[in-house]
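Protein chains in written order, with our numbering: chain A, 119 to 234; chain B, 4 to 116. Worksheet: the structure to be examined is printed underneath.
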Amino acid sequence: DAMVIQNPRYQVTQFGKPVTLSCSQTLNHNVMYWYQQKSSQAPKLLFHYYDKDFNNEADTPDNFQSRRPNTSFCFLDIRSPGLGDAAMYLCATSHLQTGIRSQPQHFGDGTRLSIL
Amino acid sequence: SQQGEEDPQALSIQEGENATMNCSYKTSINNLQWYRQNSGRGLVHLILIRSNEREKHSGRLRVTLDTSKKSSSLLITASRAADTASYFCAAAYSGGSNYKLTFGKGTLLTVNP
């Protein structure tokens with residue numbers, strides 16, 4: 119089945135130690151998103167790629183970066199994680215087509231990041 | 004912030020009852036979407052309603068949209084214990100990137116057997 123896969127499901131890192139979360143998709147969608155979701159809160163968009171074009175949200179900390187080496191993969195890099203970065207990180211995809219406004223987003227099951 | 008509000012924040016009902024969740028948003032939208040999230044999992048898309056639509060059905064789900072009040076509601080009929088989850092509305096706002104979504108704070112639905 120076509121899907122969005124996030125690895126690992128759980129990640130533990132130390133305060134200040136860089137960490138990378140990964141996302142892959144078999145849907146061949148042209149947009150990939152990264153969200154941060156803290157406990158009992160709404161998902162908050164960090165950034166997204168439309169094809170190779172990177173779009174950062176204005177309030178996303180500089181500590182967060184992303185890479186999309188090809189259509190299928192997208193990475194979230196946290197350069198120096200702080201305690202406040204402990205959260206669930208969700209990857210999502212959608213496919214934008216000319217003349218069709220907005221499409222549903224397809225989510226992975228997330229990576230829960232803990233900071234020691 | 005354009006983040007919408009949902010109410011109630013939590014809803015507990017008995018199996019077989021109907022559940023209604025409401026969502027408000029800030030400015031004009033292209034469409035509004037509803038998602039479900041089981042504990043510890045990702046979000047699953049349920050239904051999308053466009054700004055020129057007023058009501059949409061999918062199985063036991065019924066969504067309404069009132070653009071004059073900037074609000075939407077999700078009705079789940081004949082609820083089941085398996086419907087226990089958090090439900091989020093998400094607005095695709097007009098102007099700018101209409102493929103970005105702004106999520107509401109969600110309603111935690113508990114369906115008791």
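For glycine and all other residues, C-beta sits at the position ideal for the given N, C-alpha and C.
| Query | Result |
| --- | --- |
| Among A:Gln143, A:Leu163 and A:Lys170, which one has its Cα closest to the Cα of aspartate 177 of chain A? | A:Leu163 |
| Determine, using beta carbons only, whether alanine 95 of chain B comes closer than 9 Å to chain A. | yes |
| So, is serine 4 of chain B buried or exposed, given that buried needs 16 or more other C-beta atoms within 10 angstroms? | Residue placement at serine 4 of chain B is flagged as unreliable, the pLDDT there being 46, under the threshold of 50; the coordinate-derived value follows with that caveat. Exposed is the call here. |
| Could you check which residue in B:Ala94, B:Ala85 and B:Leu51 has the C-alpha nearest to that of leucine 104 of chain B? | B:Ala94 |
| Across which residues does DSSP place lysine 59 of chain B in a beta bridge pair? | B:Val66 |
| Nearest CA to the CA of valine 8 of chain B: which residue from B:Pro116, B:Asn115, B:Thr80 and B:Thr110? | According to the sequence as given, residue 8 of chain B is glutamate; it is not valine. When each option's Cα is compared against that of glutamate 8 of chain B, the closest is B:Thr110. |
| Determine which residues share a DSSP beta bridge with phenylalanine 225 of chain A and list them. | A:Ala210 |
| Give the range of the beta strand (DSSP E) segment to which arginine 39 of chain B is assigned. | 32-40 |
| Any idea if phenylalanine 225 of chain A is buried or exposed, counting beta-carbon neighbours within 10 angstroms, 16 or more meaning buried? | buried |
| Buried or exposed: where does tyrosine 128 of chain A fall if 16 or more other Cβ atoms within 10 Å of its Cβ makes it buried? | exposed |
| According to DSSP, which residues form a beta bridge with aspartate 95 of chain A? | It is not possible to answer for residue 95 of chain A, since the shown part of chain A is limited to 119 through 234. |
| Do leucine 35 of chain B and serine 54 of chain B count as a contact pair if the criterion is CB distance below 9 Å? | yes |
| Figure out for me which residue from A:Thr138, A:Trp152 and A:Lys135 has the closest Cα to the Cα of asparagine 173 of chain A. | A:Trp152 |
| Pull up the CB-CB distance for isoleucine 32 of chain B and serine 82 of chain B, whole angstroms please, since I reckon it's below 8 Å. | In fact, because the Cβ distance is near 27 Å, the residues do not count as touching under 8 Å. |
| Going by DSSP, what residues sit across from methionine 121 of chain A in a beta bridge? | Answer is none; methionine 121 of chain A lacks a bridge partner. |
| Determine whether the beta carbon atoms of alanine 79 of chain B and arginine 63 of chain B lie at a separation below 9 Å. | Correcting the residue identity first, residue 79 of chain B is isoleucine in this sequence and not alanine. A contact, by the Cβ cut-off of 9 Å. |
| Step through the CB atoms of chain A and report whether any lies within less than 9 Å of the CB of leucine 77 of chain B. | no |
| Please confirm if tyrosine 90 of chain B has its CB atom under 9 Å from at least one CB of chain A. | no |
| First and last residue of the beta strand (DSSP E) that includes leucine 49 of chain B? | 46-53 |
| Using the C-alpha atoms, what's the distance from leucine 201 of chain A back to glycine 217 of chain A? | 43 Å |
| Express the C-alpha separation of glutamate 20 of chain B and threonine 211 of chain A in angstroms, rounding to a whole number. | 34 Å |
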